[in-house]
Every structure is written in structure tokens, then in C-alpha cells.
Amino acid sequence: MKSARSAAFDALKRVNKGAYSTIALDAVLAEAQLSERDSALAAAIFYGVLEKQELLDNLIKGCVTRPGTRIKPDVRIILRMGIYQLGFMDKIPDNAAVDQSVALARQCGLGGVSGFINALLRGYIRQGKPVPAEEHGCPLWLKTLWTDSYGEDICRGLLAGLSGRPPLYARVNTLRTDEHTLIGLLAEHGVEARPVEWLAGALELSAAGDISKLPPFTEGLLHIQDISSQLCCAALCAQAGERILDVCSAPGGKAFTTAQLMGGAGEITACDIHPHRVELIASGAKRLGLEGIIRPTVRDGLCDDGITADRVLCDVPCSGLGVIRRKPDIMSKPQEEIEGLPALQLDILEHSAKALSSGGVLVYSTCTLNPRENGDVVAAFLSKHKEFEPLPLQLPAKADSIIKEPDHCRTIFPQVTGGDGFFVARMIKR
57 MKSARSAAFD
67 ALKRVNKGAY
77 STIALDAVLA
87 EAQLSERDSA
97 LAAAIFYGVL
107 EKQELLDNLI
117 KGCVTRPGTR
127 IKPDVRIILR
137 MGIYQLGFMD
147 KIPDNAAVDQ
157 SVALARQCGL
167 GGVSGFINAL
177 LRGYIRQGKP
187 VPAEEHGCPL
197 WLKTLWTDSY
207 GEDICRGLLA
217 GLSGRPPLYA
227 RVNTLRTDEH
237 TLIGLLAEHG
247 VEARPVEWLA
257 GALELSAAGD
267 ISKLPPFTEG
277 LLHIQDISSQ
287 LCCAALCAQA
297 GERILDVCSA
307 PGGKAFTTAQ
317 LMGGAGEITA
327 CDIHPHRVEL
337 IASGAKRLGL
347 EGIIRPTVRD
357 GLCDDGITAD
367 RVLCDVPCSG
377 LGVIRRKPDI
387 MSKPQEEIEG
397 LPALQLDILE
407 HSAKALSSGG
417 VLVYSTCTLN
427 PRENGDVVAA
437 FLSKHKEFEP
447 LPLQLPAKAD
457 SIIKEPDHCR
467 TIFPQVTGGD
477 GFFVARMIKR
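Those letters in the sequence shown? Residues 57 to 486, by our numbering.
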């Protein structure tokens, strides 16, 4: 039988392997069938470790007595959990935090390092359980970037909005059902769902467990997609019968929503450079009954293959600073990794724009909060390509900008919508 700590450990392992945090924890808790109290403890440890991962790793580093010691991923998870309980959970006695961490290691087949775990955690206690005054475990360079770009108030809101348990959103497959019917079907399987009042077709889910195994999902009545990503589809304004190029499509959420907004009529070429990711698009399209409109395609965003389209959605690779709460390891990456992204993003945007003829619409989007990757890339593109001009966005009022930016650009902040941090811009070819 799982304990609260073993459930948190299993969920953290799934996140390390690329799972979304909300889905990972809900799935583990559904399997473990813990008491309400233990479920709450598991969730508190899980989200606390994710939120403060970089800070916890720095504390672990400060407790290692032998320079160059290599810590295996599963051992590091247990150490993060132990340090978090010691430094941030006042109601858990020190001895309990240490003893349970050692017991967890043995339970997970890591008994050989239980002495190391015990020694490191007790060393942290002897140091006085130091906790740096580093808000939300966010690195200084990121705080500086957000403060310089958006101001102190918005930066504080970002730090609060990007921490804690992220919400889980879904898009109703309006070609097969409607919001009211789907909410009822989900309730039959223990999933609470409520409509996002300002965004048609969007639902917020709670107590979902592993939703991918439930009939409403397997029967193609919905797909998981954050509301900010859904807003990018709204910005595209695709019409029935049009040809759409979705440049960096995998795993396919934007293509699926766009197909539904088009009433299932038209053609969407949904691309990715990696064949295994194109397979994700294909399987999702099949599950949702969208094979007739979506064409999964292995394609490099930098290729010149003569493809043509009425509208192009260019959701480029980015630093992911808007989805930190789902992928906290992003904060551990060096700032230098971001430096080369704007040039790549502009390159992909320029190649993608070649698919459009006069009157064609080009949408550029990212899941990051960094002006250099967002508005600056769009401005550089428009400066170089006079055949394109800004096309004002028409999005729900809930997504109105809280910073000064042109009306063809929109930075979507989590503290405003509840969704992920995103950027979207729209242009039209003369």
C-alpha cells in the first residue's frame, strides 16, 4: 500500500520523464486511493518540490561533503522531498522527515544509499536548516528579466501565478458533443468539470485522475489543452474549407482545436521534424475523428518545399518560461541556452511565411514570457518583410493585455487568465 510520500515520489518520477504535473499527480493518487489527509500531504510535498526544485538542489549541494559526488535521479528526488519537509513544512518533525526519507529509499530499492540520505539530511539539520530568502526558488536572472520587461508588480504576480498546482484544462470536441453533455459524462466517472465562461469549448477539470483511461477521453470527446493554447487557435480565425499550415504542431492540440473550429471542413497540414512526435498527432487525430481534415506530416520548419496555405500557425520552439509550473526544470537551465532562440524563431517564421499568398494570415506564438522571443521577433519580421502588416487581434476581454503592446500582439499572463504564460501575434500578407 502506498504512503503519501511514496505517492509524491512516484508522481515526481513521472514529471521527470516528461509528464504534466497535474496529470501525473492525479493519476498516482487515483491508483493509490489514499485518505484525504494523506492525499493532501502527497500533494503538498509534490508541488512544493516542483516549485522550489532549483533552490532544493542548491541546498543539497551545500550538504554534500565530498566534491564531485554524483547523485542518481531517484535519490535526488528523495533528497529534495526530505529537504523540503525539513525546511518548509513546520508541522513535520525533523526525525519523521529523515526517517521516512530513509524508509522510502529502502522501499524503492535504494537501500544501498539510505546511509547517504540519512547523513545528508541530518547534516542539513545540523546546519540549522538554512533557507535562502529566494522567492519561489526562481533564479535571479529570471526575476531580473521579468522585472526589467514587465515591472515589479507584474513580476510578483508572475511568480505567484507560476507556482503551486497548475489547473488542468480541456477542449470539448464540438464535432461529437457539447459542453453540457460532456460535463455530465465526466461526472459519471468522478471527474469534476466546469466551463470556462469566457472561452467557448474550454473546460477546467479537477479530481481527474488518469483521464486518458476514461471513456470520454478514449471515445474522443475531448483533448487536454491549456486555455492559452486555445486562445492561439482563436487568434488564427480559421474558416471552413481553408488550408492551414501548423508548423510546429506536435503533440497536436492546436491542430485539433483548429479543426473543430473549422467544423471539420478543410485541410490542416500538422508538422513536426520528429517522426515519433508526428505519430502523436496522428493518434490524437484518429481518436478525435479528425483524420479527414488533419494531415500529420514530417517536416522541418526551415524547409522550402513550396507548400501553400491560407493561414499559417507558427508556434515556435522557445524557452518555455510561461509553463514553468508544469515543467519546473526549465528554471534549472542556464540563461545562455535562451540567447540563440530569437534568431531561430525568426528563421522559422520567415520560412513559414513563404506558404502564404496575398490575403494570407500569419500567427506567431510561443509559450514563453520574454520580449526578445516575442514582440522583438515579430517587430524584426515586419521590418524585414514589408509585404506583411499587423492584423489586430480579436480575443476575449479576459485576455486583454496588462502591458503596453501593439494591438496585433498579446502577452497572456497566468495571473490574469489562470492559464499558462503565452504570447501571440497576428499579421496579414498584402
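C-beta: ideal position from N, C-alpha, C; glycine also.
In the structure shown, Ile116 adopts helical secondary structure according to DSSP, grouped into three states. Within 10 angstroms of the beta-carbon of Ala321 lie fewer than 16 other beta-carbons, which makes it exposed. According to the DSSP assignment, Val433 belongs to the alpha helix (DSSP H) that extends over 431 to 440. Inside the stretch 87 to 169, DSSP marks no whole beta strand (DSSP E) run of 3 or more residues. Counting along the chain, Asp371 sits inside the beta strand (DSSP E) bounded by residues 365 to 371. In the three-state DSSP reduction, Phe478 falls in the strand class (E or B). For Val71, the three-state secondary structure derived from DSSP is helix.
Rounded to the nearest whole angstrom, the C-alpha separation of Lys454 and Ala290 is 13 Å.
For Tyr206, the uninterrupted alpha helix (DSSP H) run begins and ends at 196 to 206, by DSSP. Residue state for Met387 is assigned as helix, using DSSP reduced to three classes. Secondary structure note for Ser408: it is in no beta strand (DSSP E), and the uninterrupted alpha helix (DSSP H) holding it is 397 to 409. Separation of Leu214 and Gly104 (C-alpha to C-alpha, rounded to the nearest whole angstrom) is 17 Å.
Spanning the alpha carbons of Gly376 and Thr200 requires a straight line of approximately 17 Å. For Gly240, there is no enclosing beta strand (DSSP E); the enclosing alpha helix (DSSP H) has its first and last residue at 235 to 244. Rounded to whole angstroms, Gln281 and Gly474 show a C-alpha spacing of 13 Å. Residue burial is scored here from C-beta neighbours: Lys108 has at least 16 other C-beta atoms within 10 angstroms and is therefore classed as buried. By alpha-carbon distance to Ser408, the top candidate from Arg486, Lys73, Ile300 is Ile300. Looking only at Ala152, Pro272, Ile459, the smallest Cα-Cα distance to Ser205 is reached by Ile459.
The stretch 389 to 398 and the stretch 439 to 458 do not touch, with fewer than three beta-carbon pairs separated by less than 8 Å.
Here the alpha carbon of Gly276 sits roughly 4 Å from the alpha carbon of Leu344. Counted as a single uninterrupted DSSP element, the stretch harbouring Phe312 is not any beta strand (DSSP E) but the alpha helix (DSSP H) occupying residues 309 to 317. Boundaries for Ser457: no beta strand (DSSP E) harbours it, and the DSSP string shows neither H nor E there. Contact between Ser305 and Ile337 holds, with the beta-carbon distance rounding to 6 Å and staying under 8 Å. When the alpha-carbon of Leu292 is set against those of Leu449, Arg351, Arg221, the nearest one is in Leu449.
Cβ-Cβ separation between Leu85 and Ser95: approximately 5 Å, consistent with a contact (criterion under 8 Å). By the criterion of at least three beta-carbon pairs nearer than 8 Å, the stretch 435 to 448 is in contact with the stretch 462 to 471. Counted as a single uninterrupted DSSP element, the beta strand (DSSP E) harbouring Cys465 occupies residues 465 to 468. If you ignore the 5 residues before and after Gln141, its C-beta comes within less than 6 Å of the C-beta of Ile148, Ala153, all in its own chain and listed in chain order. One alpha carbon belongs to Val480, the other to Met137, and they sit about 37 Å apart. Judged by their CB atoms, Leu90 and Lys58 are nearer to each other than the 8 Å cut-off.
Ala290: member of the alpha helix (DSSP H) spanning 283 to 292, first to last residue. Sorting Pro271, Ile349, Arg227, Gly246 by C-alpha distance to the C-alpha of Gly257 places Arg227 at the top.
Boundaries of the alpha helix (DSSP H) harbouring Arg333: 331 to 344, taken from the DSSP string. Beta-bridge analysis with DSSP links Leu301 to Thr325, Val368. Approximately 11 Å separates the beta-carbon atoms of Thr203 and Cys194; this is outside 8 Å, ruling out the contact. The three-state secondary structure of Leu176, taken from DSSP, is helix.
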